[in-house]
Structure formats: structure tokens, C-alpha cells
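*Asks:*
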Amino acid sequence: MQFDIETRAGKPIHAGRTRLIPFAQTVHLHLPGPSGGLIWSRPTAILVQTPNGEETVLQIRDVTRQAQLTLLGLGFIGALFIWLFNRSGTALLPKMQA
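Position 14 (the sequence shown) corresponds to 25 in the numbering used here; numbering is contiguous.
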């Protein structure tokens, strides 16, 4: 199994006299076998080049990924608390008598 991460520049886009160059990060996971694998690509930044020579890098935040990781972390913390309460013998709800 091979795992590669690379950042590549895209094709420059001209908006008037300003030049925009997009950058993307690609993750390749090559699985054993004739054609197995996974490719995941996401935009990371845009390089803005103005006519007077100034260059600015605009980072692209992946808000959806941040929300997913937050929810995943909260799920793990919730599972840990449930496991701790059940392990100590303290039930979350009292048992009903028949």
C-alpha cells in the first residue's frame, strides 16, 4: 500500500491584468492489486499576481471538513463518557422494578 500527498498548481486564470493561479492538494492511496486505490483532491489556495508585481496567497479553508472532524471528536468523547459510566457500574437510567 502506497500513500502520496502532493500539491499542484493549476492552469493560470487571467482576470483583466490580474493573474490567478489555483493550488490543489491531492491524496493518493494505492491499494495492492491491478487497479485499486483512492484519489482525493481539494483546493488549498489561490495565488494572486497583480500587474505591479505584488503577490498575495489566499488560503481556502475547508469549513465542511472542520465541521466533520468536530462532530467526529464529539462522538468519540460521548462514546468515552458512556463507556466510563457503564464501566463503573453506574447506570445512566435507574432500573425499573416489576
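C-beta atoms are modelled at their ideal positions from N, C-alpha and C, and glycine is treated no differently.
None of these values were measured; they are calculated from a predicted model.
Provide the residue span of the alpha helix (DSSP H) that contains T75, from first to last.
*Replies:* Per DSSP, T75 belongs to the alpha helix (DSSP H) from V74 to R98.
*Asks:* Can the beta-carbon of I32 be found less than 8 Å from the beta-carbon of I57?
*Replies:* Their beta carbons are under 8 Å apart, which means I32 touches I57 by this criterion.
*Asks:* Is it the case that the CB of G47 approaches a heavy atom of the ligand ZN more closely than 7 Å?
*Replies:* The ligand ZN is not part of the structure shown, which contains no ligands of any sort.
*Asks:* Check for me: the beta strand (DSSP E) holding E66 runs from which residue to which?
*Replies:* Looking at the DSSP string, the run of the beta strand (DSSP E) that includes E66 is E66 to Q70.
*Asks:* Report yes if the CB atom of T18 is closer than 8 Å to the CB atom of Q60, and no otherwise.
*Replies:* Contact flag unset, no.
*Asks:* Shortest alpha-carbon distance to F14 belongs to which of H39, H25, L85 and K22?
*Replies:* Here the closest residue by C-alpha is H39.
*Asks:* Report, in whole angstroms, the separation of the C-beta atoms of P54 and A35, which I expect to be a contact under 8 Å.
*Replies:* That belief holds up - the Cβ atoms of P54 and A35 are roughly 5 Å apart, short of 8 Å.
*Asks:* Determine the DSSP secondary structure at R19, reduced to helix, strand or coil.
*Replies:* The answer is strand: DSSP assigns R19 an E or B state.
*Asks:* How is R30 classed by DSSP in three states: helix, strand or coil?
*Replies:* In the structure shown, R30 sits in a strand (DSSP, three-state: E or B).
*Asks:* Looking only at its chain, what residues have a beta carbon closer than 6 Å to the beta carbon of P62, apart from the 5 residues adjacent to it on each side?
*Replies:* Answer for P62: R28, listed in chain order.
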